[in-house]
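Per the working numbering: the sequence shown = residues 1 to 363.
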Amino acid sequence: MSVQVIDVELGARSYPIAIGPGLLDENQRFRRAIAGRHVLVVSNEVVAPLYLDRLCASLGAGGTDLIIAPLRLPDGEAHKTLDSAARIFAALAELRANRDATIVALGGGVIGDLAGFAAACWMRGIAFVQVPTTLLAMVDSSVGGKTAVDLAQGKNLVGAFHQPRAVIIDIDTLATLPQRELRAGFAEVIKYGALGDAAFFTWLEQHADALLARDPPALSQAIAHCCAQKAGIVARDETEQGERALLNFGHTFGHALETLTGYGALLHGEAIAIGMTLAARLSARLRRAPESDAAHLMRLLERFGLPTMLPEGIDADELIETMQLDKKNLSGRLRLILWRGIGMAEIVKDVDEAAIRALLTQR
Ligand SMILES: NC(=O)c1ccc[n+]([C@@H]2O[C@H](COP(=O)([O-])OP(=O)(O)OC[C@H]3O[C@@H](n4cnc5c(N)ncnc54)[C@H](O)[C@@H]3O)[C@@H](O)[C@H]2O)c1
């Protein structure tokens, strides 16, 4: 299977996304992205035992003069914090890293966001390389330069735009990903079809079995497709002044659900699957899109084993109130990503709360 390379075109800050098997061992691909001599490889206690030694050996292969240090952080969203960022800064200081140091993020979206944030801050910005190991991180969080940590008051509240030097996606790492995490990643994959690419939506319907069975060529093709779509959007709208917001299809509902159910009860992708369904059904209720497209989306999500119904006990008013806190709202007005149908997402300002309440209370 060949390696696919997609470029994110951002002038002097352009970078490649490489997708294929066995890339962890491709020393040269990493070397091209590494700035100076000091390299801090940030991972967590779940991913490190699986891949960290191999990656460090690969980075140091060929008698290089790199000074490589690993850092293992605790696992989970609960550790995407300023405290973990401080541990990265301490490790960089110990390494005597200066402006030409590089951080390599080995893990899912939590490690990528955290390590990217630390790279954005250390000496006002150093190089970093994303080595995503979850499907979600491969198709979404590792591309585009959004980095952040959470506060007790909310998710991703402190962050920066900081683009990586390269994204290196070794699809072999998906072999160890728990099935529930893989399924959750497919919610983001389906999102790309839903928001802007009806042909890809159909392709996913046709290849669902192969994808769920982790067939490498099918996975590789799906990941490359999503990365190409995201790379295009990011190149046109890096800091989310317009089109990039479409990538948040289902996310305002989804984030509110994550908050209300307590982080961890629903995986991010599961919350997004319910959120996309709600966005599609709300679009139908507002007569912006056919009801049949919402049903079609639900069928595809369910085929991938994803939830589409609100969990029991969610209160409509509480959900709406939580949605009001979303970063995507401007001046207190509810701004949602809805759609005109499969492949046609759109930004809708001033969405009528009564319509949302009616949808949420209709069981
Ligand atoms: N920056 C962005 O643009 C962006 C976009 C979407 C999501 N995110 C962020 O991404 C995070 C979610 O990312 P995630 O879903 O990857 O979660 P995660 O990083 O917590 O990974 C999920 C679980 O899988 C484990 N894991 C990772 N790779 C593995 C592998 N190959 N084998 C076995 N286990 C493995 C992790 O240790 C963790 O327990 C959230 O914090 C979210 O805010 C950021």
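Glycine is no exception: its CB is placed at the ideal position from the N, C-alpha and C atoms.
Exercise. Hey, is the stretch 8 to 23 in contact with the stretch 91 to 103, meaning 3+ C-beta pairs nearer than 8 Å?
Worked result: Short answer: they don't touch.
For this session: In angstroms with no decimal places, state the Cα-to-Cα distance between Gly269 and Ser292.
Result: Whole-angstrom Cα-Cα distance: 23 Å.
Exercise. Out of curiosity, what's the CA-to-CA distance linking Leu212 and Phe201?
Worked result: Going by C-alpha positions, Leu212 is about 15 Å away from Phe201.
For this session: Report yes or no: do three or more beta-carbon pairs, one from the stretch 98 to 107 and one from the stretch 32 to 40, lie closer than 8 Å?
Result: With the cut-off at 8 Å, the stretch 98 to 107 and the stretch 32 to 40 touch.
Exercise. Less than 7 Å separating the beta-carbons of Phe249 and Ala345?
Worked result: Closer than 7 Å, so yes.
For this session: Could you give the DSSP three-state label for Glu238: helix, strand or coil?
Result: Coil at Glu238, not helix or strand.
Exercise. Measuring from the CB of Val129, is there a heavy atom of ligand 1 at a distance below 6 Å?
Worked result: Not so, every heavy atom of ligand 1 lies at least 6 Å from the Cβ.
Exercise. Which one or two residues does DSSP pair with His296 in a beta bridge?
Worked result: Answer by DSSP bridge pairing: none, since His296 is not bridged.
For this session: Report yes if the C-beta of Leu177 is less than 6 Å from at least one heavy atom of ligand 1; otherwise report no.
Result: Leu177 Cβ: within cutoff of ligand 1.
Problem set entry | Where Gly107 falls, given that 16 or more other Cβ within 10 Å makes a residue buried | It counts as buried.
Problem set entry | Nearest neighbour of Thr361, chosen from Arg333, Gln324, Arg340, Asp315 [CA to CA] | Comparing Cα positions, the closest option is Asp315.
Problem set entry | Rounded straight-line distance, which links the Cα of Leu114 to that of Leu157 | Going from the Cα of Leu157 to the Cα of Leu114 covers about 12 Å.
For this session: Report whether the distance from the Cβ of Ser292 to the nearest heavy atom of ligand 1 is below 6 Å.
Result: Checking the Cβ of Ser292 against ligand 1 gives no.
Exercise. Just to confirm, are Asp25 and Ser58 a CB contact at a threshold of 7 Å?
Worked result: Against a cut-off of 7 Å, the Cβ pair of Ser58 and Asp25 comes out as a contact.
Exercise. Taking 6 Å as the cut-off, is the CB of Thr170 close to at least one heavy atom of ligand 1?
Worked result: Per the sequence shown, residue 170 should be read as Asp rather than Thr. It does not: the Cβ of Asp170 is nowhere closer than 6 Å to a heavy atom of ligand 1.
Problem set entry | At least 3 beta-carbon pairs within less than 8 Å: the stretch 38 to 56 vs the stretch 187 to 199 | Cβ pair count under 8 Å is below three, so no.
Exercise. Which ranges would you report for the beta strand (DSSP E) in the stretch 120 to 147 if only whole runs of at least 3 residues count?
Worked result: The stretch 120 to 147 contains, as complete beta strand (DSSP E) runs of 3+ residues, the segments 127 to 132 (chain order).
For this session: Determine, using beta carbons only, whether Leu278 and Phe253 come nearer to each other than 7 Å.
Result: Yes, they are a contact pair.
Problem set entry | Beta bridge counterpart(s) of Gly371 as assigned by DSSP | Here the chain covers residues 1 to 363 and nothing more, so residue 371 does not appear.
Exercise. Is it true that the stretch 204 to 219 meets the stretch 160 to 178, where meeting means three or more beta-carbon pairs spaced less than 8 Å apart?
Worked result: Yes, they touch.
For this session: Confirm the yes/no value for this check: CB of Asp215, any heavy atom of ligand 1, distance under 6 Å.
Result: Not so, every heavy atom of ligand 1 lies at least 6 Å from the Cβ.
For this session: Give every residue of the same chain whose Cβ lies closer than 6 Å to the Cβ of Ile68, excluding the five residues on either side of it in the sequence, and list them in chain order.
Result: Correct list, in chain order: Val39, Cys56, Leu59, Gly60.
Exercise. Who are the Cβ neighbours of Ala289 in its own chain at under 6 Å, not counting the five residues just before and after it?
Worked result: Answer for Ala289: Ser283, Trp339, Arg340, Gly341, listed in chain order.
Exercise. Quick one: what's got a C-beta closer than 6 Å to Gly109's C-beta in the same chain, skipping five residues either side?
Worked result: Answer for Gly109: Leu136, Ala137, Ser141, listed in chain order.
For this session: Report yes or no: do three or more beta-carbon pairs, one from the stretch 178 to 185 and one from the stretch 120 to 137, lie closer than 8 Å?
Result: Taking a cut-off of 8 Å on C-beta distances, the stretch 178 to 185 touches the stretch 120 to 137, as three or more cross pairs fall below it.
Problem set entry | Three-state secondary structure assigned by DSSP to Gly196 | Secondary structure of Gly196 (DSSP, three-state): helix.
For this session: State the beta-bridge partners of Gln4 as determined by DSSP.
Result: Ile19.
Problem set entry | Neighbourhood of Glu318 by C-beta distance below 8 Å, restricted to the same chain and skipping five residues each side | Leaving aside the five residues that flank Glu318 on each side, the residues in its chain whose CB is nearer than 8 Å to its CB run, in chain order, Leu260.
For this session: Compute the Euclidean distance between the alpha carbons of Glu205 and Ile347, then round it to the nearest angstrom.
Result: Straight-line spacing of the CA atoms in Glu205 and Ile347 works out to 26 Å.
Problem set entry | As assigned by DSSP and simplified to three states, the class of Leu10 | Here Leu10 sits in coil by DSSP.
Problem set entry | Secondary structure, beta strand (DSSP E): runs of 3+ residues fully inside the stretch 66 to 120 | At a cut-off of 3 residues, the continuous stretches assigned as beta strand (DSSP E) that sit fully inside the stretch 66 to 120 are 67 to 73, 102 to 107.
Exercise. Does the beta-carbon of Pro132 have 16 or more other beta-carbons within 10 angstroms, so that it is buried, or is it exposed?
Worked result: Answer is buried; the Cβ neighbour count reaches 16.
For this session: Select from Asp53, Gln229, Val41, Ile272 the residue whose C-alpha is nearest the C-alpha of Ala198.
Result: Considering only alpha carbons, the answer is Gln229.
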